[in-house]
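Peer 1: Would you mind keeping the following structure in view while I ask a few things?
Number of protein chains: 2
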Amino acid sequence: RERRPPQVLFFPAPVTCVRPLLLSSPGHCNCSRSHRESALSCLTRLLLSARRSLDVCVFTISSVELSSSVLAVHGRGVRVRVITDSDYMALAGSQVGAFRRAGIEVRHDQDANYMHHKFAVIDGLILITGSLNWSAQGIFGNKENVIIIKSTDVVKEFIEEFERLWNEYDPS
Amino acid sequence: RERRPPQVLFFPAPVTCVRPLLLSSPGHCNCSRSHRESALSCLTRLLLSARRSLDVCVFTISSVELSSSVLAVHGRGVRVRVITDSDYMALAGSQVGAFRRAGIEVRHDQDANYMHHKFAVIDGLILITGSLNWSAQGIFGNKENVIIIKSTDVVKEFIEEFERLWNEYDPS
Ligand SMILES: [Zn+2]
Ligand SMILES: [Zn+2]
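Just so you know, the protein sequences line up as chains A and B, in that order.
For the first sequence, counting from 1, position 53 maps to 53 in the numbering used here; every step adds exactly one.
Quick note: to get the numbering used here, add 172 to the position in the second sequence (first position is 1).
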């Protein structure tokens, strides 16, 4: 059993550029934003660390940085599954259409209530969860928290919730 | 250092009545709803367990059950402080006005971004956090999670975030 205490990130994050993390070969970005470490770069690094699986269960997915990370992981051949909310998915700025065009499996709720979770599980081992939607306003504007948990008991419960919803939202 | 793993609650909860928990003397409720234990009764019991302090930092507070718990704790002389979002606070159904009328200290953000946290700290020892707003739709309708954490490191970080926001939102 893993007993390391959870790690906490608070937002808003400073507006930094994480593009160097997304380049496939070590690269340098010449844009005018800061490239220092931040709560956003920490989240980005975590998503990009996926080697076997990435399960995303998030209400709002519009952040270019975080969705680019998901697309990069998928592009490396990692199995990516995404559960999101049907109402938000249709709004401008949602990156869920880009996920589908890239071939990522996406499922969503079918009713008027919200699929309001904001969690992801990396390689079945690391849970990212909290109040943060994956949007620019969430990352750079709002007061938000994210907890990163490696406790096997807790991660297992969120994996089970993901599988329950994945089956519940099976369109076939 | 506390090393018990966090406890997790998933929502929606079954529609149960928690009124017996809120009665000051042991009582019985004759309403037609179920009175069995649920994720809602677990949250209610936790809030009611406050003996020294209850710090609430939640975007949406409209649930009659959870706000009644906060009012009951305040009524017993426990120091209750509430941080919430200014935009949501003004909407119909918000219980923040009832908190103020009861004499509970309430502070809120002053800008267009959201105070989007959904956490509470009980007696400086127990953290409740997650995706769940304190609303009937959140509790009885949406897919939501709440994590209950007693790890001193994590609770301390959320207490510090609460104090930062409490000072930032000081209206004086
Ligand atoms: Zn750059
Ligand atoms: Zn009843």
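Glycine residues also receive a C-beta, built at the ideal position from the N, C-alpha and C atoms.
Model, not experiment: these values are computed from the prediction.
Which word fits B:Cys229, buried or exposed, when buried means at least 16 other C-beta atoms lie within 10 angstroms of its C-beta?
Peer 2: Residue mapping note: residue 229 of chain B aligns to position 57 of the second sequence, counting from 1. Looking at its Cβ environment, which holds 16 or more other Cβ atoms inside 10 Å, B:Cys229 is buried.
Peer 1: Which residues end up in the neighbourhood of ligand 1 when you take C-beta atoms closer than 6 Å to any of its heavy atoms?
Peer 2: This selection yields A:Cys17, A:Arg19, A:Cys29, A:Cys31, A:Arg33, A:His35.
Peer 1: On the premise that A:Ile122 lies in contact with A:His74, defined as a C-beta separation below 8 Å, what is that separation, rounded to the nearest angstrom?
Peer 2: Taking the first residue of the first sequence as 1, we reach residue 74 of chain A at position 74. Taking the first residue of the first sequence as 1, we reach residue 122 of chain A at position 122. That belief does not hold up - the Cβ atoms of A:His74 and A:Ile122 are roughly 13 Å apart, past 8 Å.
Peer 1: What in chain B is Cβ-close to A:Thr60, meaning under 8 Å?
Peer 2: Taking the first sequence and counting its residues from 1, one reaches residue 60 of chain A at position 60. The contacting residues do not exist; A:Thr60 stays about 11 Å from chain B at best.
Peer 1: Would you list the residues sitting across from B:Ala179 in a DSSP beta bridge?
Peer 2: By one-based count along the second sequence, residue 179 of chain B stands at place 7. Note that residue 179 of chain B is Gln in the sequence shown, not Ala. In DSSP, B:Gln179 forms a bridge with B:Ile320.
Peer 1: With 8 Å as the C-beta to C-beta threshold (strictly closer), list the residues of the region 291-303 of chain B near chain A in chain order.
Peer 2: Those residues of the region 291-303 of chain B that come within reach of chain A (Cβ to Cβ, closer than 8 Å) are Phe291, Thr301, Gly302, Ser303.
Peer 1: Please name the residue in A:Glu65, A:Glu160, A:Asn167 whose C-alpha comes closest to that of A:Ala39.
Peer 2: As a first step, residue 39 of chain A must be located in the first sequence, where it is residue number 39. For A:Ala39, the nearest C-alpha among the options comes from A:Glu65.
Peer 1: Can you give me the start and stop residues for the beta strand (DSSP E) that B:Val228 sits inside?
Peer 2: For the purposes of this step, residue 228 of chain B is identified with residue 56 of the second sequence, where counting begins at 1. Its beta strand (DSSP E) spans residues 225-230.
Peer 1: How would you write the range of the beta strand (DSSP E) that B:Val250 sits in, first residue to last?
Peer 2: Taking the first residue of the second sequence as position 1, residue 250 of chain B is located at position 78. Here B:Val250 belongs to no beta strand (DSSP E), and DSSP marks it neither H nor E.
Peer 1: Please report the residue range of the alpha helix (DSSP H) in which B:Ile311 lies.
Peer 2: Taking the second sequence and counting its residues from 1, the one referred to as residue 311 of chain B is at position 139. Counting along the chain, the alpha helix (DSSP H) containing B:Ile311 begins and ends at 308-312.
Peer 1: Of all the options B:Arg176, B:Ser213, B:Arg248, which has the alpha carbon lying nearest to the alpha carbon of B:Ser235?
Peer 2: Taking the first residue of the second sequence as position 1, residue 235 of chain B is located at position 63. Comparing Cα positions, the closest option is B:Ser213.
Peer 1: Once you ignore the five residues that flank B:Thr188 on each side, which residues in its own chain have a CB closer than 7 Å to its CB?
Peer 2: Walking along the second sequence from the start, residue 188 of chain B turns up at place 16. Arg205, Ser206, His207, Arg208, Ser210, Leu212, Ser213.
Peer 1: Report yes or no: do the region 216-223 of chain B and the region 260-270 of chain B share at least 3 C-beta pairs separated by less than 8 Å?
Peer 2: Taking 8 Å as the limit for Cβ pairs, the verdict is that the region 260-270 of chain B does not touch the region 216-223 of chain B.
Peer 1: Are the beta-carbon atoms of A:Phe11 and A:Gly138 separated by less than 9 Å?
Peer 2: Within the first sequence, the letter at position 11 stands for residue 11 of chain A. Within the first sequence, the letter at position 138 stands for residue 138 of chain A. Yes. Within cutoff.
Peer 1: Between which residues of its own chain and B:Val131 is the CB-CB distance below 7 Å, once the five residues before and five after are set aside?
Peer 2: Nothing can be reported for residue 131 of chain B: it is not among the residues displayed for chain B, which extend from 173 to 344.
Peer 1: Consider the Cβ of A:Pro5: report whether some Cβ of chain B lies at a distance smaller than 9 Å.
Peer 2: Locating residue 5 of chain A in the first sequence gives position 5, where the first residue counts as 1. By this cut-off, A:Pro5 is an interface position.
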